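For reference, the structure discussed in these notes is given below.
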Amino acid sequence: LVDSAQEPQGDWFIEYIDSLPGKKGHSAAAAAADVGEGEGEGEGPAIADTDPRAPQQVELALRANTHAMQVTGEAMQRLVDDSPQPASAIRLAYALMWQRYTAALTAAAAATAAGKAHHADQMCLINVIHSSRHLVGRHSYIGNAVCPVYSQSSLGDLLSSATSAVATAIGRNMHAVTGPQWLAFAQMMSDPVRQAKFLTVFANPSALQLTVSNISRVPYFGVDFGFGAPSHVTVYPMVIPGFAVWLPMDAGDGGLRIVWNLPEDVFLALKNDPELTRYVTVLF
18 LVDSAQEPQG
28 DWFIEYIDSL
38 PGKKGHSAAA
48 AAADVGEGEG
58 EGEGPAIADT
68 DPRAPQQVEL
78 ALRANTHAMQ
88 VTGEAMQRLV
98 DDSPQPASAI
108 RLAYALMWQR
118 YTAALTAAAA
128 ATAAGKAHHA
138 DQMCLINVIH
148 SSRHLVGRHS
158 YIGNAVCPVY
168 SQSSLGDLLS
178 SATSAVATAI
188 GRNMHAVTGP
198 QWLAFAQMMS
208 DPVRQAKFLT
218 VFANPSALQL
228 TVSNISRVPY
238 FGVDFGFGAP
248 SHVTVYPMVI
258 PGFAVWLPMD
268 AGDGGLRIVW
278 NLPEDVFLAL
288 KNDPELTRYV
298 TVLF
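In the numbering used here, the protein residues as written are 18 to 301.
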């Protein structure tokens, strides 16, 4: 899939994954438990080997937590116009969603009976899963090749910074993925121990993490099953809380429709957040 002469080129996130505890021969659940031991109070293992729920229960849970929002092309342009620093509309949208989701998540956690408080230096993550359209030399890759690209911030910095500053910081990592970078990720995922450690981060329901599947680059609106193209096509997000799928509203408009897996208390906080709803329309 890549030039055999290329050397894998990792980044800070792969170094972070490799720094996590994990033992050779561990199952995914055991590796998750290892990581959980070093987490804050109330944060247990991130994943398990199997999901004990029946498939229909998983589907019902997914449907119950799935919400939809949209950002019109006009709202995307207002994001750009309102920004004191130059940044692309999509990066400003990433930044806005990351900030407001994290604020809602921390507020919801503090309001629970346990009253869990997050500290200002806690790590927050945004993960944009790039489709193969973003890969440099994409003709050399399989059609569904993907590579997650992570950015990080402390909780205090993320919530206190201007959205434009967060967008600029995201832009430093939202690069086109090169062959060596994709190879480093592929090698990590092919190693059972490293893959298990990655999943404890990617699928951690208690993490301050927003995951965006950038599937909006896939031309779903050209689909025709023989009886005309559908008026709208959507994709369910993963069961992981905070996982969002971004799709184009319609061809050429520049707007986005977002399908988002959100806990109900976090969704209600976002629905009533004026900093979010200035640009984002909550559908359901």
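For each residue, glycine too, the CB sits at the ideal point set by N, CA and C. Remember, predicted model here, so these are calculated numbers, not experimental data.
Rounded C-alpha distance that separates residue i from residue j
i      : j      : result
Gln198 : Ser181 : 27 Å
Asp51  : Gly39  : Confidence at Asp51 is low in this model, with a pLDDT of 43, below 50, so its placement is unreliable and the value that follows should be read with caution. Whole-angstrom Cα-Cα distance: 6 Å.
Ala85  : Leu227 : 15 Å
Val283 : Glu24  : 42 Å
Val229 : Trp115 : 10 Å
Gln212 : Val145 : 18 Å
Met255 : Ile34  : 21 Å
Ala125 : Ser207 : 36 Å
Leu225 : Gly259 : 9 Å
Asp99  : Ala179 : 11 Å
Gln26  : Ala128 : 42 Å
Leu216 : Leu37  : 12 Å
Val210 : Phe202 : 14 Å
Met205 : Asn278 : 27 Å
Ala286 : Leu293 : 10 Å
Ser223 : Thr123 : 10 Å
Gly173 : Asn289 : 22 Å
Gly196 : His135 : 37 Å
Own chain residues within Cβ distance below 6 Å of residue i, not counting five before or after
i      : result
Ser170 : Cys141
Leu96  : Ala106, Leu109 and Tyr296
Ser168 : Ile143, Ile187 and Asn190
Asp270 : Gly90
Ile257 : Ala220
Pro165 : Asn144 and Ile146
Tyr118 : Leu227
Which of helix, strand or coil DSSP assigns to residue i
i      : result
Phe6   : Shown here, the chain extends from 18 to 301; a query on residue 6 therefore has no answer.
Leu113 : helix
Met93  : helix
Ala104 : coil
Met205 : helix
Ala220 : coil
Thr123 : helix
Gly188 : helix
Phe284 : helix
Gly196 : helix
Leu279 : coil
Asn321 : Since the displayed the chain opens at 18 and closes at 301, residue 321 lies outside it and no answer follows.
Residues that residue i bridges to, as DSSP identifies them
i      : result
Arg274 : Gln87 and Leu264
Gly296 : Before going further, note that residue 296 is Tyr rather than Gly in the sequence given. DSSP, once it has assigned bridges, lists no residue as partnering Tyr296.
Thr228 : Asn144 and Phe260
Tyr165 : In the sequence on display, residue 165 carries Pro and not Tyr. Paired residues: Ile146.
Ser171 : Met140
Selected residue, minimal CA-CA separation from residue i, among the options
i      : options                   : result
Glu32  : Gly259, Lys214 and Val299 : Lys214
Ala137 : Gln102, Leu176 and Lys288 : Leu176
Leu264 : Gly90, Trp29 and Asp28    : Gly90
Arg274 : Gln102, Gln204 and Ala92  : Ala92
Val299 : Val88, Leu37 and Asp28    : Val88
Tyr111 : Gln102, Asp28 and Ala184  : Ala184
Beta-carbon contacts of residue i that lie in its chain and below 7 Å, excluding the five residues immediately before and after
i      : result
Ala120 : Leu176
Trp82  : Contrary to the premise, residue 82 reads as Asn rather than Trp in this sequence. The answer, listed in chain order, is Asn278, Leu279 and Pro280.
Contact set for residue i: own chain, Cβ-Cβ below 8 Å, skip 5 residues either direction
i      : result
Phe301 : His84 and Ala85
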